[in-house]
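Here's the structure, in C-alpha cells; my notes come after.
In the numbering used here, the protein residues as written are 2 to 542.
Next comes the structure, spelled out in C-alpha cells:
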C-alpha cells in the first residue's frame with residue numbers, strides 16, 4: 002500500500018504515488034474507484050452542492066437512485082453550416098465544435114462557442130446573448146469572417162479545446178487552447194503535433210507551444226479542487242483507443258511523456274454494443290471533464306462503430322454516444338449508468354444521426370437547468386455521393402459531412418436523484434462536517450414531502466433538529482432551505498461531525514448543501530459558467 006499523500010477538500014487522501022500507475026492495460030473489468038470502497042471517516046461538505054451520483058455520501062438508504070436523461074432543446078441545431086468557410090466548398094459542411102468549447106463569459110455577458118467551420122478547417126467563434134440565437138462577428142483575424150485562427154497551407158486542423166480560465170494570473174492567458182494539427186511533410190507523408198496557445202480575449206492567440214507527440218482528439222481540462230491542468234491524451238492501448246493522463250501546475254509546462262504520462266481510462270466489459278453492430282468492438286473515443294459543484298463531471302464518448310474503412314465504403318458517419326462519469330478525486334471516475342446520456346439518433350437524414358462530440362467545458366448552468374452543447378453529424382453532403390472523395394484536404398467523405406451544433410438540457414443537479422414512492426423511504430448520510438449554518442436541498446415533492454433530521458455520530462438526534470420539528474417541504478425547487486419549527490439552525494453543530502437523515506415521500510431528492518448565504522449560494526463550481534455566476538462559481542451575490 003502506498004503511503005498517504007495529498008488530502009483533498011472532501012477528506013479523500015491520495016496515495017503518495019500520484020497519479021496512479023496501476024491501471025490494468027489489458028484488463029476488461031471496470032476500473033476501480035478507491036474512495037468508494039474506502040470513503041473518508043468524515044466527509045467535508047463545505048464546497049458545493051452534494052450530489053447522489055454514487056454512494057460516496059450515503060451510509061444507508063431505502064430510496065432508489067434514478068439517472069436523469071438529457072432532452073434535446075427544440076431549437077436544435079442552434080448552429081448549422083452557412084458561411085463559405087463552413088460549407089467547405091460543398092464537400093463536408095460543418096459548423097460545430099470538434100471538442101473546441103462553449104462558455105459563458107461574465108466580463109461581457111455573452112455565451113461563446115468556438116467551433117470548426119468546415120471539416121479540418123480553421124477555428125471560429127460565435128457569440129450569443131441567450132445561448133439559443135448565435136451571431137458570427139466580423140473579427141480582424143481574417144477580415145470578413147469570424148475566424149480566430151486561420152487556415153494554414155499544408156495544415157489540417159483536427160481536434161481542439163478552449164478553456165476560459167477565470168483565475169488566470171496573467172490577463173493575456175485568460176483563455177487557453179489546445180489544437181491538434183496534421184501536416185504534409187513535403188512528399189514524405191503526414192505528420193502531426195499538438196499546439197498549446199493562450200489569449201486575452203479568445204480571439205487573438207499566441208504562437209503555439211508544440212507538445213510531444215499525442216494522438217488526435219487529445220484535449221485537456223482544469224481541476225480547480227487541486228489546481229491542476231490535466232491532459233486527456235488519446236493513444237492506443239491493447240489495440241484499442243484509450244486515454245492517458247498527465248497533470249501539471251502550469252498550462253504551458255515542459256513536456257516529458259515517459260515521466261509524466263500514465264494510462265487513465267479504457268473501455269471495459271460493461272460497454273454496450275450497438276444492436277445494429279453486435280460484432281463491433283466498442284471503444285473509448287474521448288473523455289472531456291469539468292468541475293461541477295463538488296465533483297468532476299465527465300462526458301465519455303463511446304465509439305460503437307463501424308470502423309473508418311467500413312464507414313467510407315458505406316458512406317455513413319461513425320456511431321458514437323456520450324455517457325456520464327463522476328470523479329471526486331479528479332482521476333478515478335465512477336460510471337454507474339451505461340445508458341447514453343446523449344445518443345446518436347441513428348436515423349438517416351437527422352442532423353444528429355451519428356458521431357456525437359462533447360464540447361470543452363462540457364456544460365453550463367442557466368438558472369434551473371444544465372445546458373449541454375454537443376456536435377452531431379448527419380453524414381449528408383451537397384456535393385459528395387456515398388463513396389465519393391472530395392478535394393481540398395484530408396478525408397473529404399460523407400462520413401465527415403453535415404456537422405451541426407445541438408443543445409440539450411437537464412434539471413440542475415439532475416444527473417441522478419434519490420426517489421421515493423407513496424410509501425416513502427429514508428436516506429442516511431455518512432458523517433459530514435461543515436462550517437455553515439443553513440441547509441439547502443434540490444427537491445421535487447409537489448405531491449409528497451421531505452423532512453430532515455440531524456444526528457450526532459452516536460445516533461442521538463440533535464435537539465431542535467428532529468424530523469418531527471422539520472417544516473415539511475412540498476415543493477419543486479432547485480434551491481430550497483430546510484427549516485425547523487424550533488427555530489434552530491445548524492450553527493450549534495458547525496465544525497462537528499454529524500449525520501443527515503432525509504425522509505422522503507412521493508418525490509425526488511437531487512442534492513443538499515450547507516451554506517451561510519441566505520440565498521443558498523453553494524460556493525461550488527459551475528462548469529463552463531452561466532448567467533449570474535461569479536468566476537465560474539455559485540458565489541454569494
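In this text, a Cβ means the ideal position worked out from N, Cα and C, and glycines have one as well. Note that the coordinates shown come from a computational prediction; the quantities given were computed from them, not determined experimentally.
In the DSSP secondary-structure assignment, residue 230 is bridged to 223 and 249. Contact between residue 321 and residue 286 holds: their C-beta atoms lie close to 6 Å from each other, under 8 Å. DSSP links residue 77 through a beta bridge to no other residue. Taking all protein chains shown into account, residue 51 has 16 or more neighbouring C-beta atoms within 10 Å of its C-beta and is therefore buried. Per DSSP, residue 87 is one residue of the alpha helix (DSSP H) stretching across 85–88. Distance from the CA of residue 216 to the CA of residue 404, rounded to the nearest whole angstrom, comes to 22 Å. Membership of residue 38 in the alpha helix (DSSP H) is indicated by the continuous run 35–38. Counted as a single uninterrupted DSSP element, the alpha helix (DSSP H) harbouring residue 312 occupies residues 309–315. In the three-state reduction of the DSSP assignment, residue 401 falls in the helix class. One alpha carbon belongs to residue 365, the other to residue 371, and they sit about 6 Å apart. In this structure, residue 529 places its C-beta atom within 9 Å of the C-beta atom of residue 363. In this structure, the beta-carbon distance from residue 220 to residue 288 falls below 9 Å. The alpha-carbon separation between residue 361 and residue 80 amounts to approximately 16 Å. Taking 9 Å as the cut-off, the Cβ atoms of residue 77 and residue 409 count as close.
In the three-state DSSP reduction, residue 418 falls in the strand class (E or B).
From the listed residues 191, 202 and 180, the smallest Cα separation to residue 211 is found for 180. Assigned with DSSP and collapsed to three states, residue 492 falls in helix. Membership of residue 15 in the beta strand (DSSP E) is indicated by the continuous run 14–16. Per DSSP, the continuous beta strand (DSSP E) segment holding residue 177 begins and ends at 176–185. With 16 or more other Cβ atoms from the protein chains shown falling within 10 Å of its own Cβ, residue 333 counts as buried. Note that the C-beta distance between residue 445 and residue 508 is below 9 Å. The straight-line gap separating the alpha-carbon atoms of residue 490 and residue 351 is approximately 53 Å.
Looking at the DSSP output, residue 157 shares a beta bridge with 183.
For residue 330, the three-state secondary structure derived from DSSP is coil. In its chain, beyond the 5 residues on either side, 250 have a beta carbon closer than 8 Å to the beta carbon of residue 228. Taking the Cβ atoms as the reference, residue 391 lies roughly 3 Å from residue 92, within the contact range of under 8 Å. Membership of residue 266 in the beta strand (DSSP E) is indicated by the continuous run 263–266.
Measuring C-alpha to C-alpha distances from residue 107 to each of 123, 142, 168 and 88 identifies 168 as the nearest. Residue 276 carries a coil assignment under DSSP once its states are collapsed to helix, strand and coil.
Collapsing the DSSP output to three states places residue 91 in a helix.
Around the CB of residue 271, fewer than 16 other CB atoms lie within 10 Å, so the residue is classed as exposed. If you look at residue 6, you'll find it in the beta strand (DSSP E) that goes 5–8.
Here residue 252 is not near residue 194, since their CB atoms are 9 Å or more apart. Separation of the CB atoms of residue 301 and residue 336 is rounded to 7 Å, and the pair is thereby assigned contact status at 8 Å. Following the DSSP letters along the chain, one finds residue 197 inside the beta strand (DSSP E) bounded by residues 191–200. In this structure, residue 399 keeps its C-beta atom at 9 Å or more from the C-beta atom of residue 24.
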